[in-house]
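The numbering of the sequence shown is the numbering used here, which starts it at 1 and goes up by one. Below is one structure, written out as structure tokens, with a few remarks after it.
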Amino acid sequence: MKASHSATIGLIRGSRLRAAAAALAWSSAGTVLAIGLAVPAQAQVSSSLRGKVTAEGGVSQVTAVNVDTGFTRTSTPSADGSYQFASLPPGTYRLEVTTPSGVRRTDEFRLAVAQNAVFDFDLSTPQVASADGGDEIIITGGRIRSMQGGEVGTTISPRLIEQLPQNNRNFLAFADLAPGVQFITNGSDQSRLQGGAQNSNTVNIFIDGVGQKDYVLKNGITGQDSTQGNPFPQSAIAEYRVISSNYKAEFDQVSSVAITAVTKSGTNQFEGSGFVDFTNQDLRDPTPNEVLRPGATGKIRTKDLQFGGTLGGPIIKDMLHFFASYEGKRRITPRSVTFPSSLSSGLSLVPAALAANYGQFNEEFNENLYFGKLTFTPTDSDLFEVSGKYRDETGEQFNSGIAAFETRTLARVKEIRGLARWEHTAENWVNDFKVAYEDVTWNPRPATEANRNVYRIRIPNPANPAQNLDGNVLETGGGTNFQDKGQKGWQISNDFTYTGLEGHTFKAGVKAKWVTLNSLQLNGFNPVFRYFTPLGATTLNTTTPYQMSFQALAGGFTDAQLRSKNFQLGLYIQDDWDVTDRLTVNLGLRWDYEETPAFLNYVHSAAQVAAVQPANYPNLVGANYNINDYISTGSERKAFTGAFQPRFGFNYKIDEAGRFAIFGGFGRSYDRTQFDFIQQELAQGSAAGRTFNFIVPGDTVNVCTPSVTCIPYNPIYQTEAGRAALIAGLPAGAGRELRFIKNDLKTPYSDQYSIGLRGDFGLLNAEIGYSHVESRDGFVYLLGNRRPGGLFFPATGNPDAPFGFPPSPFGSIIIGDNGLETNADTGFIKLIKRYTKTSPWSIDATYTYTKANENRQFGEVFSLDYSSIDEYPFRPSAGVRSHRFVMAGTVDIPYGITLATKFQIASPVWLKRFATTPGVGVPGTKDIVAIEADGNGDKWGYRQLDLSATKEFKLGFINDNTRVWFRIDIINLMNDRNYNGFNSTTGRRDYNNYNIDGPPRTVKVSTGFNF
1 MKASHSATIG LIRGSRLRAA AAALAWSSAG TVLAIGLAVP AQAQVSSSLR
51 GKVTAEGGVS QVTAVNVDTG FTRTSTPSAD GSYQFASLPP GTYRLEVTTP
101 SGVRRTDEFR LAVAQNAVFD FDLSTPQVAS ADGGDEIIIT GGRIRSMQGG
151 EVGTTISPRL IEQLPQNNRN FLAFADLAPG VQFITNGSDQ SRLQGGAQNS
201 NTVNIFIDGV GQKDYVLKNG ITGQDSTQGN PFPQSAIAEY RVISSNYKAE
251 FDQVSSVAIT AVTKSGTNQF EGSGFVDFTN QDLRDPTPNE VLRPGATGKI
301 RTKDLQFGGT LGGPIIKDML HFFASYEGKR RITPRSVTFP SSLSSGLSLV
351 PAALAANYGQ FNEEFNENLY FGKLTFTPTD SDLFEVSGKY RDETGEQFNS
401 GIAAFETRTL ARVKEIRGLA RWEHTAENWV NDFKVAYEDV TWNPRPATEA
451 NRNVYRIRIP NPANPAQNLD GNVLETGGGT NFQDKGQKGW QISNDFTYTG
501 LEGHTFKAGV KAKWVTLNSL QLNGFNPVFR YFTPLGATTL NTTTPYQMSF
551 QALAGGFTDA QLRSKNFQLG LYIQDDWDVT DRLTVNLGLR WDYEETPAFL
601 NYVHSAAQVA AVQPANYPNL VGANYNINDY ISTGSERKAF TGAFQPRFGF
651 NYKIDEAGRF AIFGGFGRSY DRTQFDFIQQ ELAQGSAAGR TFNFIVPGDT
701 VNVCTPSVTC IPYNPIYQTE AGRAALIAGL PAGAGRELRF IKNDLKTPYS
751 DQYSIGLRGD FGLLNAEIGY SHVESRDGFV YLLGNRRPGG LFFPATGNPD
801 APFGFPPSPF GSIIIGDNGL ETNADTGFIK LIKRYTKTSP WSIDATYTYT
851 KANENRQFGE VFSLDYSSID EYPFRPSAGV RSHRFVMAGT VDIPYGITLA
901 TKFQIASPVW LKRFATTPGV GVPGTKDIVA IEADGNGDKW GYRQLDLSAT
951 KEFKLGFIND NTRVWFRIDI INLMNDRNYN GFNSTTGRRD YNNYNIDGPP
1001 RTVKVSTGFN F
């Protein structure tokens, strides 16, 4: 039976579960609402407020009023004056307290996203001030406290988003103010988020309570794989909370960083804004490549233009509001094609026609982001919201290096998301019902359809004639990135909260999701020919390649597109329990389930199975794994059902006033296995990668043993027809790699522990803590080839992997399994001074020390150096710097000017290399050695200071808030050159490598208006 390349038929075994999930999601919403339950709009982003009011004669009612939208919620206090609002949209509020002597009001205060606030006050001795009209108002001041439980994280306020200097308007750029979180922009200006020692695919971002998880690609959230674009218009984000570890049970599909963001809504006033940001080559310093590299010609053209605007307001006052946002980005970025400096003495080998490919070039990128939202509150008990997002990106992907400009990739990202939700509120219940839709496409493709040529040379080492230098010096022709991947489908979820039992806040929820996962990967669409110029040659070999690799459809397949239905179900229950006046405990349990028919129903072809049986490949006899554990006939694989996730957190107030508190927690959190990993098994069965080595007369370096995949070169192979004829004349599967994934595949997870001490001093908050996060069961690809007798390493000599021992006529065996592991121990100190109009400055500062290790190079899935992932030693993580300090500050100064700064400094990166010792009569040994790189400065490995200054001018028309503003941002004020090329043996900087992390000093000018 041939494996299907388009697995669109659902699993019969899971149909009842999916039907039950849909019924549960719909019926729980209907039943809850039918009996008058209350609904929080979003479990992850809504705020809560509780406390106790003391008043002579008691209190009959407490009402929370959003001063911008007119949104109200009412709570009936208990006999002792305790009140509770289990779900309030983040925003600015006041309380109205009804007593026998009348209604008393508080001043205005702000509830942040996902804040669990506590406010106790005594009306017999209140702090009061006079309001307009002579009425007294109760001053909240710094008496509102936050109960964060065992969470480790921070909140990014609207002021930080609006004022902090930044280069790309990605709202996630400030997430690194949370302990253990990194926001990383690589040399291609592509950004990603990282938590601890885990890869970016383990993060999740919840916008208005809906996860943005990418189920196919690597960077955690949809649309963020290999792009200069932003995931969401920054002008539409009100604020967000970053949780490094120990989140509650309502968070799913995340094992490192969880971010919960809330979008802006319209208010009772018409409000709008517009902005333009601009910088170019005249407003920046040159990069080292532009001035220090041999042959450099100075700065080349660049441009970064960003623009957009917002508009919001009432359609019906206090009832129906709208909000809309648009942001555009137009970038031109410099890229360099350079001859490797380490091989510079070989430049004369390159003929003039090919040498013309070296030089300076530009990469272009365009993005458009749209967001719209309607908010409808027809009663004091109901809130409806409908929102949508559209993202459209086009441009080029072209990295500096040896690849010619013609090899660039054309990028395309399209993303559509929609959300509809209904909030209904009653006295003791809160319930949330949401329906969400998503349609995401990521489609890079070659700009040039032509054969790819890779030129490699070997030359004498000028510094030591007894040694030779060897390496690639140029790549020309077509690109090798041709993919079309994405996800499309619907989500239904329902959450409800019960507060009727004193001292407890119970939450329970269910989420069901039906999506179609798509994957087309034809990176060998343009065949690659590799040429070698031997020692002593006088000109580059451009006529006879030594290797050819390409992709071709396997027999019986007419389409390389892979599609699979995917079903997800999540259930949770949790309780926030006030055990005593000082101790609050959060207890939760979550369970998740996922099934992907393309993997579960996959059937390996008879030819694949026969190729690895003892009759054809006796080398697996005596191997340290059983290939039958990886062969699927369509019935061996079952969906993982063990994803039970207990979560516990506590907060204990040391003193009666609650200024000091001990917090901590434990939790297990399951992520998921990316479809991009498992689709490779399917792709090898349809669009097979082929590699052929050529017998080149006189080439004593690239030698192969004549076989069906080691053949004489024929120029006809440069044509598609010639390659097709070659395949047709060979045994089925010749040169084709074999992929097998373990049938009993588990879901990756992390266990998280935290303990710490918080101090609350009004506007000043301090925190010191420790967290331990260990991730387990990460997906890994291993080499399944073995030497005779089941050996991986040879019995003597160098400990080389057995790539030269594949099962004839196929290529290597690659097996997928669980086994990637990381450990991160983090100590941190955090200090926050909040901004107010009366104290107009703020500081957010976090120092983090992390000791992290991993059993594989950070970001690497393929582990082909040992026979088992268990043989890889744990070494310091290459993705985590030991010391990091991040600080952000803002201050209002006279003349309507606001200054803001962000400073970050970190220790050098960890480097790793293999250290091998040949064996004499016994197997050789192989180890991995880690070393911390030398610093770029006085022991620091990365440093960047950014500064911004904004000046506002009030205009006095349209409304009282109308103003225009001018702003200047200086990114990397000190022009620190954060070089990233270091020798993994010595740790010293490679002075032939001029690449840097981060930008050179750049001035960005901006202007805009608000009304």
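Beta carbons: idealized from backbone N, C-alpha and C, even for Gly. Treat the numbers as computed from the prediction; the structure is a model and nothing was measured.
Enumerate in chain order the residues of its own chain whose CB-to-CB distance from residue i is below 7 Å, with the five nearest sequence positions on each side excluded.
i       : result
Ala-34  : Any reading at Ala-34 is ruled out, since the residue's pLDDT is 35, under 50, leaving its predicted position unreliable.
Pro-799 : Phe-793, Thr-916, Pro-923, Gly-924, Thr-925, Lys-926
Val-65  : Thr-72, Tyr-93, Arg-94, Glu-96
Gln-718 : Asn-451
Taking a contact to mean a Cβ-Cβ separation below 8 Å, would you say residue i touches residue j in this structure?
i       : j       : result
Leu-911 : Gly-981 : no
Asn-431 : Phe-496 : yes
Ser-48  : Leu-88  : yes
Gly-649 : Glu-151 : yes
Ile-958 : Arg-977 : no
Gln-228 : Gln-190 : yes
Val-473 : Gly-346 : yes
Thr-836 : Leu-763 : yes
Arg-963 : Thr-950 : no
Thr-796 : Gly-919 : yes
Gln-684 : Arg-739 : yes
Gly-313 : Gly-274 : no
Asp-969 : Pro-286 : no
In terms of DSSP beta bridges, what is residue i paired with?
i       : result
Gln-574 : Lys-507, Gly-588
Pro-77  : BP columns for Pro-77 are empty, so no partner.
Asp-844 : Ile-832, Ala-888
Cys-710 : Asn-693, Ser-707
Lys-653 : Ala-661
Determine the closest residue to residue i out of the options, with distance taken between C-alpha atoms.
i        : options                            : result
Gly-889  : Pro-840, Met-147, Ile-931, Asn-853 : Pro-840
Gly-58   : Asp-439, Gly-667, Asp-122, Val-435 : Asp-122
Phe-307  : Ile-221, Ser-493, Lys-329          : Lys-329
Arg-421  : Leu-374, Thr-848, Thr-633, Arg-50  : Leu-374
Phe-1066 : Lys-830, Thr-379, Gly-789, Asp-578 : Outside the shown range of the chain (1 to 1011) lies residue 1066, about which nothing can therefore be said.
Asp-744  : Asp-817, Arg-758, Ser-244, Gly-797 : Asp-817
Ile-814  : Gly-486, Ile-741, Val-257          : Ile-741
Phe-805  : Thr-796, Gly-797, Leu-791          : Leu-791
Phe-529  : Gly-479, Ser-188, Gln-521, Leu-535 : Gly-479
Ala-852  : Ala-930, Thr-222, Val-861          : Ala-930
Leu-955  : Trp-965, Leu-947, Asp-946, Ser-948 : Trp-965
Ile-138  : Leu-111, Pro-158, Thr-106, Leu-757 : Thr-106
Arg-647  : Arg-590, Tyr-617, Gly-622          : Arg-590
Pro-288  : Tyr-670, Glu-396, Leu-469, Tyr-979 : Tyr-979
Tyr-498  : Pro-444, Ile-573, Thr-377          : Ile-573
Asp-946  : Asp-960, Phe-953, Gly-921, Asn-975 : Asn-975
Can you tell me whether residue i is buried or exposed? The criterion is at least 16 other CB atoms within 10 Å of its CB, across all chains shown.
i        : result
Ser-75   : buried
Lys-1004 : buried
Lys-511  : buried
Ala-933  : buried
Glu-290  : buried
Ala-657  : exposed
Asp-581  : exposed
Gly-500  : exposed
Residues in the same chain with beta-carbon distance under 6 Å from residue i, minus the five sequence neighbours each way, listed in chain order, please.
i       : result
Asp-892 : Pro-840, Thr-898
Asn-855 : Glu-821, Tyr-872, Phe-874
Ser-771 : Val-152, Ser-245, Ser-754, Thr-826
Lys-513 : Gln-491, Gln-568
Ile-832 : Asn-765, Asp-844
Phe-119 : Gly-51, Ile-144
Phe-810 : Ala-611, Gly-733, Arg-736, Leu-738
Grab me the residues of residue i's own chain with a C-beta within less than 8 Å of its C-beta, minus the 5 sequence neighbours each way, in chain order.
i       : result
Ala-906 : Arg-881, His-883, Arg-884, Phe-885, Trp-940, Gly-941, Tyr-942, Arg-943
Asn-362 : Ile-300, Arg-301, Thr-302, Ile-332, Thr-333, Pro-334, Arg-335
Ile-243 : Glu-151, Val-152, Gly-153, Ala-178, Phe-251, Val-257, Ala-258, Ile-259, Thr-260
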